[in-house]
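Under this note's numbering, the final residue of the sequence shown carries the number 839; numbering is consecutive throughout.
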Amino acid sequence: MSRKGGIAMTSLPLRDTKVDIASSSSSSNSSVNSEGSDTKRSVYSICVTGLDLVNHILIVCLTAFTLYHSLPSASAFNLHVTLCTLGYVLLMSEAILILAGESILTNFLTHRAKKHLHWILQVLGVACTVAGVVLIFCKKSVHFRSTHAILGITSVSLMLFLTLFGYPVFTLRFRNIVRPVLTKFGHNLLGMLCFTIGIAAQCYGYKKFGSWTSETKNMCIAVAAIIAALSLRQAFFKGVSTIFRGTLWKN
589 MSRKGGIAMT SLPLRDTKVD IASSSSSSNS SVNSEGSDTK RSVYSICVTG
639 LDLVNHILIV CLTAFTLYHS LPSASAFNLH VTLCTLGYVL LMSEAILILA
689 GESILTNFLT HRAKKHLHWI LQVLGVACTV AGVVLIFCKK SVHFRSTHAI
739 LGITSVSLML FLTLFGYPVF TLRFRNIVRP VLTKFGHNLL GMLCFTIGIA
789 AQCYGYKKFG SWTSETKNMC IAVAAIIAAL SLRQAFFKGV STIFRGTLWK
839 N
């Protein structure tokens with residue numbers, strides 16, 4: 589009797605030992621998986637930060653290069669180039685990057701401060717672009733015949749629509765029909781379309797520099813395309829993920 593009791597008593601610690609081994613093995617596996625996911629996130633964050641830094645450098649370089657060639661002369665054409673370059677390439681690109689995600693220049697700011705800085709840069713970009721378009725419109729007698737002009741006026745029209753009837757207005761008017769998350773996505777999508785068309789107009793505008801070689805024109809076009817792709821990449825995926833996380837329509 590005592591012998592059987594002894595066997596039973598000794599078997600209990602063995603089972604406890606097995607449970608401890610299994611739990612420690614499970615915790616070690618979870619810690620390994622956690623470390624692996626942390627490493628992946630760290631690598632991804634480094635890559636995103638690197639791309640963001642490259643984009644900022646390209647924006648500044650292309651803006652400085654274009655202004656260097658357009659500022660010496662105060663002609664209507666050169667002022668048009670200067671204002672539209674400041675509006676699209678510099679101000680609007682940076683405005684998109686502020687809210688797109690991991691911008692190394694604004695990571696220290698709160699979300700509220702980023703939103704304020706975003707719309708300030710957007711307003712300045714709209715002002716520069718509209719001023720540049722009005723200036724060249726008043727100077728020329730024939731309008732909207734070239735691809736550059738058609739793309740430019742299309743982008744400016746979208747820009748003015750978004751400025752006058754933007755996200756806050758649509759949210760207040762249609763919040764009983766459509767959830768604000770969808771209205772915001774639509775606003776952002778139109779903004780990205782406006783920016784893309786504007787950069788395309790900018791690229792066609794580079795072809796009008798008669799003093800530039802074809803290599804210089806192609807280089808500026810390529811850099812502008814890279815800026816557009818890097819600026820819109822994070823903004824697009826962030827908007828899509830927001831849509832899939834929320835419910836679009838109210839019941």
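We put the beta carbon where it would ideally sit given N, CA and C, even for glycine. Computed from a predicted structure; not experimentally measured.
Reduced DSSP secondary structure (H/G/I, E/B, other) of residue i
| i | result |
| --- | --- |
| T804 | helix |
| N666 | helix |
| R591 | Legend: pLDDT at R591 = 49, less than 50; position of this residue unreliable, no value from coordinates given. |
| K796 | coil |
| T698 | coil |
| S734 | coil |
| L693 | coil |
| F824 | helix |
| F653 | helix |
| S729 | coil |
| S584 | Because the chain spans 589 through 839 in this model, residue 584 falls outside it and cannot be assessed. |
| F753 | coil |
Residue i to residue j span [Cα, whole Å]
| i | j | result |
| --- | --- | --- |
| F732 | I634 | 44 Å |
| L639 | S729 | 43 Å |
| C791 | I809 | 5 Å |
| V744 | T751 | 10 Å |
| T784 | A816 | 7 Å |
| T735 | T742 | 11 Å |
| N839 | F753 | Here N839 scores only 43 on pLDDT, less than 50, and its place in the model should not be relied on; the value that follows carries that caveat. If I take the Cα positions, the gap works out to 26 Å. |
| L650 | K628 | 33 Å |
| N666 | C726 | 14 Å |
| P660 | T654 | 11 Å |
| I684 | V769 | 18 Å |
| F696 | S799 | 43 Å |
| L845 | T694 | Limits of the chain in this structure are 589 at one end and 839 at the other, which puts residue 845 out of reach. |
| L818 | N643 | 6 Å |
| L778 | Y632 | 28 Å |
| H699 | T801 | 44 Å |
| S630 | A701 | 26 Å |
Residues near residue i in its chain [Cβ-Cβ closer than 6 Å; skip 5 each side]
| i | result |
| --- | --- |
| G713 | G675, L679, M680 |
| C672 | T717, G720 |
| G786 | Y676, S743 |
| L705 | I686 |
| L820 | M780 |
| G793 | H736 |
Among the options, nearest to residue i - alpha-carbon criterion
| i | options | result |
| --- | --- | --- |
| H657 | V811, F797, V677 | F797 |
| A652 | A812, S743, A823 | A812 |
| A664 | L818, R700, K805, L723 | L723 |
| A823 | E682, S630, F749 | E682 |
| V711 | T698, T694, H699, F749 | F749 |
Cutoff 7 Å; reference residue i; Cβ partners in own chain excluding five residues on either side
| i | result |
| --- | --- |
| M747 | V714, T717, C782 |
| A789 | H736, L739, G740, S743 |
| V795 | The displayed chain sequence assigns Lys, not Val, to residue 795. The answer, listed in chain order, is K805. |
| I814 | L646 |
| H668 | G720, L723, I724 |
| T670 | L655, S658, L659 |
| M807 | none |
Own chain partners of residue i with C-beta closer than 8 Å, once the 5 adjacent residues on each side are dropped
| i | result |
| --- | --- |
| K703 | L687 |
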